[in-house]
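With the UniProt record's numbering, the residue at position 60 of the sequence shown is 60, and numbering never jumps.
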Amino acid sequence: MSAQLDISLLTWLLTIGLVMALLTVDLIVAAKRPHHVGIGEATAWSVGYVAIAVGFGVWFTLHYGGGPGTEYFVGYLVEKSLSVDNLFVFVIIMTTFAVPDEHRHKVLTFGIVLALLMRAVFIALGATLLSLFSFVFLLFGLLLIFTAVQLFRHRDEDPDIEDNVVVKTSRRVLPVTDDYAGGDLFTREGGRRMVTPLFLVLVAIGTIDLLFALDSIPAVFGITAQPYVVFAANAFALLGLRALFFLVQGLLDRLVYLSVGLSLILAFIGVKLILQWAHEDVDESVPEIPTLLSLAVIVVVLAIVTVASLVKTKRDPSAKAHSGSLRARRTAEGNREQRRTADRGK
């Protein structure tokens, strides 16, 4: 494992300040001017965020060297590819709750803020554990391989948002309005304080963000053990998520093999982490996977997945992509059968 970089407190503060400034701009635009985001606007925002991420990577490489710079770009690519799967789930949530078009900008921005906060917590926790216990590499590797297997098994399914325990509990204990009340989270009806469906949307996105953080943080720690690089790769990948949603939402249904590709990438990084643990704790003769090889594998997998998906949907227009799920989605018949089984056991 490479030595920890000497990142000054000022550099940390400036980086966090840049991220917060960009988020603030997003929040202001979302709150002050709710509107339908067209392809032109989404393209401009997407190109701008990618340019900022690349510019940061160039600066980081020049100041800290080619090795850490490569780790940043590989980590950014991993997080960007995983964020596309986030978009699938965002689309499902928006559809499930029938979010009006003019409020989707706000929902996405708040979703990104929640994701960043959760990832910051997991990055701090992960960095602390890795510094204290090297076997955490083994645990992270096994977690990623398990996730990869589950994602591959359920690659043709989508997560059931309505079956989300937090969302179901919120519906049961909170008074919810029938309409979006102009995009507010809370409102009053008949003198009674109530939450709007937008509040439930944010609850759903928050819990989904938590699940994605459990996968994405170990994945990027498989590329680099530098907490600053992990944070920067996550932050700049997530900042472009809102614009990317509006840019590619029409393309998402065509990426039919994306879940397969992501499961392969997660499994590969999981193996990389296990080999790294074995190299450090078992025997130094155990080979490690270099960062440049990781970059090559990830780029090749994403390229093959994209081309194969587009070819598949061109030949079969009825083929539709799914985000994949970590567990089988219950059907109505499955729920009834589960209840019958429980009744027979009484």
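Virtual Cβ for every residue (Gly too), placed ideally from N, Cα, C.
(request) Could you tell me which of Val29, Val248, Leu114 sits nearest to leucine 238, measuring between CA atoms? (result) Reading the sequence shown from its first residue, position 238 is the one you call residue 238. The residue with the shortest Cα to Cα distance from leucine 238 is Leu114.
(message) Taking 9 Å as the threshold (C-beta atoms), are histidine 322 and serine 259 in contact?
(response) Counted from its first residue, the sequence shown places residue 259 at position 259. Counted from its first residue, the sequence shown places residue 322 at position 322. Yes, these two residues count as a Cβ contact at 9 Å.
(request) Assuming isoleucine 217 contacts isoleucine 145 (C-beta within less than 8 Å), just tell me the rounded distance between them. (result) Here residue 217 is taken as the residue at index 217 of the sequence shown, counted from 1. Here residue 145 is taken as the residue at index 145 of the sequence shown, counted from 1. No, isoleucine 217 and isoleucine 145 are not in contact; Cβ-Cβ is about 16 Å, not under 8 Å.
(request) Taking 9 Å as the cut-off, decide whether the C-beta atoms of methionine 118 and arginine 104 are in contact. (result) Locating residue 118 in the sequence shown gives position 118, counting from the first residue. Locating residue 104 in the sequence shown gives position 104, counting from the first residue. Taking 9 Å as the Cβ cut-off, methionine 118 and arginine 104 do not qualify as a contacting pair.
(request) Identify, in the order they occur along the chain, each residue of the same chain with its Cβ nearer than 7 Å to the Cβ of serine 294, setting aside the five sequence neighbours on each side. (result) In the sequence shown, counting from the first residue as 1, residue 294 sits at position 294. Result list for serine 294: Val74, Ile223, Lys272, in chain order.
(request) Would you mind listing the alpha helix (DSSP H) stretches within the segment 201-264 that are 4+ residues and don't spill past its ends, in chain order? (result) With a minimum length of 4 residues, the unbroken runs of alpha helix (DSSP H) contained wholly in the segment 201-264 fall at 227-239, 241-248.
(request) For the segment 75-119, list the alpha helix (DSSP H) runs that are entirely contained and at least 4 residues long, ordered along the chain. (result) none
(request) Label proline 227 either buried or exposed according to how many other C-beta atoms from any shown protein chain fall within 10 Å of its C-beta, with 16 as the threshold for buried. (result) Position 227 of the sequence shown, counting from 1, holds the residue named residue 227. Its Cβ being crowded by 16 or more others within 10 Å, proline 227 is buried.
(request) Pull up the DSSP beta-bridge partners for threonine 187, would you. (result) Reading the sequence shown from its first residue, position 187 is the one you call residue 187. DSSP lists Met194 as partners of threonine 187.
(message) My output table needs one value for valine 282: the three-state DSSP class, helix, strand or coil.
(response) Locating residue 282 in the sequence shown gives position 282, where the first residue counts as 1. Shown here, valine 282 sits in coil according to DSSP, grouped into three states, outside any helix or strand.
(message) Please report the straight-line C-alpha distance between tryptophan 12 and threonine 24, rounded to a whole angstrom.
(response) Locating residue 12 in the sequence shown gives position 12, counting from the first residue. Locating residue 24 in the sequence shown gives position 24, counting from the first residue. One C-alpha to the other measures close to 18 Å.
(request) Please determine, among Leu129, Pro317, Val248, Ser8, the residue with the shortest C-alpha to C-alpha distance to alanine 42. (result) Counted from its first residue, the sequence shown places residue 42 at position 42. Nearest of Leu129, Pro317, Val248, Ser8 to alanine 42, Cα basis: Val248.
(message) By DSSP's criteria, valine 176 is part of a beta bridge. Which residues make up the other side?
(response) As a working mapping, residue 176 is identified with position 176 in the sequence shown. DSSP lists Val195 as partners of valine 176.
(message) Check for me: the alpha helix (DSSP H) holding alanine 148 runs from which residue to which?
(response) Against the sequence shown, residue 148 aligns to sequence position 148. It spans 136-153 - the alpha helix (DSSP H) in which alanine 148 sits, taken as one unbroken run.
(request) Taking isoleucine 92 and proline 159 to be in contact with their CB atoms under 8 Å, please state how far apart those CB atoms are, rounded to whole angstroms. (result) Here residue 92 is taken as the residue at index 92 of the sequence shown, counted from 1. Here residue 159 is taken as the residue at index 159 of the sequence shown, counted from 1. Right, the Cβ-Cβ distance comes to about 7 Å (below 8 Å), so this counts as a contact.
(message) Using only CA atoms, which one of Glu280, Ser81, Asp184, Lys312 lies nearest to glutamate 102?
(response) Residue numbering aside, residue 102 sits at position 102 when the sequence shown is read from its first letter. Out of Glu280, Ser81, Asp184, Lys312, Asp184 has the C-alpha closest to the C-alpha of glutamate 102.
(message) For the alpha helix (DSSP H) containing glycine 65, name the first residue and the last one.
(response) Working through the sequence shown from its first residue, we reach residue 65 at position 65. First-last for glycine 65: undefined, no H or E at that position.
(message) At the level of alpha carbons, what is the spacing between threonine 15 and alanine 232?
(response) Position 15 of the sequence shown, counted from the start, is the residue given in the question as residue 15. Position 232 of the sequence shown, counted from the start, is the residue given in the question as residue 232. Rounded to the nearest angstrom, the two C-alpha atoms are 8 Å apart.
(message) Does arginine 344 come out as helix, strand or coil in the three-state DSSP assignment?
(response) The residue you call residue 344 lines up with position 344 of the sequence shown. Any reading at arginine 344 must be qualified, since the residue scores a pLDDT of 47, below 50, and its modelled position is unreliable; the value itself is stated next. Correct three-state label for arginine 344: helix.
(message) Could you check whether phenylalanine 110 and phenylalanine 245 sit closer than 9 Å to each other, using their CB atoms as the reference points?
(response) Locating residue 245 in the sequence shown gives position 245, counting from the first residue. Locating residue 110 in the sequence shown gives position 110, counting from the first residue. Not in contact: phenylalanine 245 and phenylalanine 110 (Cβ atoms no closer than 9 Å).
(request) Would you check if there are 3 or more beta carbon pairs closer than 8 Å linking the segment 133-145 to the segment 300-313? (result) no
(message) Taking the straight line between their C-alpha atoms, what separation do you get for leucine 108 and tyrosine 76?
(response) As a position in the sequence shown, residue 108 is number 108, starting the count at 1. As a position in the sequence shown, residue 76 is number 76, starting the count at 1. Spanning the two alpha carbons is a distance of roughly 20 Å.
(message) Distance check for glycine 324 and phenylalanine 152, CA to CA, integer angstroms please.
(response) For the purposes of this step, residue 152 is taken as residue 152 along the sequence shown, with counting starting at 1. For the purposes of this step, residue 324 is taken as residue 324 along the sequence shown, with counting starting at 1. Approximately 8 Å between the Cα atoms of the pair.
(message) Using C-beta distances below 7 Å, list every residue in its chain close to tyrosine 49, excluding the 5 sequence neighbours before and after it, in chain order.
(response) Residue mapping note: residue 49 aligns to position 49 of the sequence shown, counting from 1. Leu239, Gly240, Ala243, listed in sequence order.
(request) If I'm right that valine 149 touches valine 176 with Cβ under 8 Å, what's the distance once you round it to whole angstroms? (result) Counting from 1 along the sequence shown, the entry for residue 149 is found at position 149. Counting from 1 along the sequence shown, the entry for residue 176 is found at position 176. Going by Cβ atoms, the distance from valine 149 to valine 176 rounds to 37 Å, so no, they are not a contact pair.
(message) If the criterion is Cβ atoms closer than 9 Å, does the pair isoleucine 289 and leucine 310 meet it?
(response) The sequence position of residue 289 within the sequence shown is 289, counting from 1. The sequence position of residue 310 within the sequence shown is 310, counting from 1. With contacts defined by Cβ atoms closer than 9 Å, isoleucine 289 and leucine 310 do not form a contacting pair.
(message) Suppose the cutoff is 8 Å on Cβ atoms and the five residues either side in sequence are ignored; what does the same chain contact list for arginine 339 look like?
(response) Along the sequence shown, one-based indexing puts residue 339 at 339. With a pLDDT of only 44 at arginine 339, under 50, the local geometry of the prediction cannot be trusted, and no value is derived from it.
(request) Since I believe alanine 219 is in contact with leucine 125 (beta carbons under 8 Å), could you give me their beta-carbon distance rounded to a whole number of angstroms? (result) Residue 125 sits at position 125 when you count from the first residue of the sequence shown. Residue 219 sits at position 219 when you count from the first residue of the sequence shown. At roughly 15 Å, the Cβ-Cβ gap does not stay under 8 Å, so leucine 125 and alanine 219 are not in contact.
(request) Using the Cα positions of glycine 270 and leucine 10, report the straight-line distance between them to the nearest angstrom. (result) One-based indexing of the sequence shown puts residue 270 at position 270. One-based indexing of the sequence shown puts residue 10 at position 10. One Cα belongs to glycine 270, the other to leucine 10, and the distance between them is close to 33 Å.
(message) How far does the alpha helix (DSSP H) with alanine 321 in it extend, from its first residue to its last?
(response) Position 321 of the sequence shown holds residue 321. Taken as a continuous stretch (DSSP letters only), alanine 321 belongs to no alpha helix (DSSP H), as it is neither H nor E.
(message) Can you tell me whether aspartate 156 is helix, strand or coil according to DSSP?
(response) By one-based count along the sequence shown, residue 156 stands at place 156. Note: aspartate 156 maps to coil in three-state DSSP.
(message) Tell me the residue span of the alpha helix (DSSP H) that contains leucine 5.
(response) Here residue 5 refers to the residue found at position 5 when the sequence shown is read from its first residue. Looking at the DSSP string, leucine 5 is not in any alpha helix (DSSP H), and its letter there is neither H nor E.
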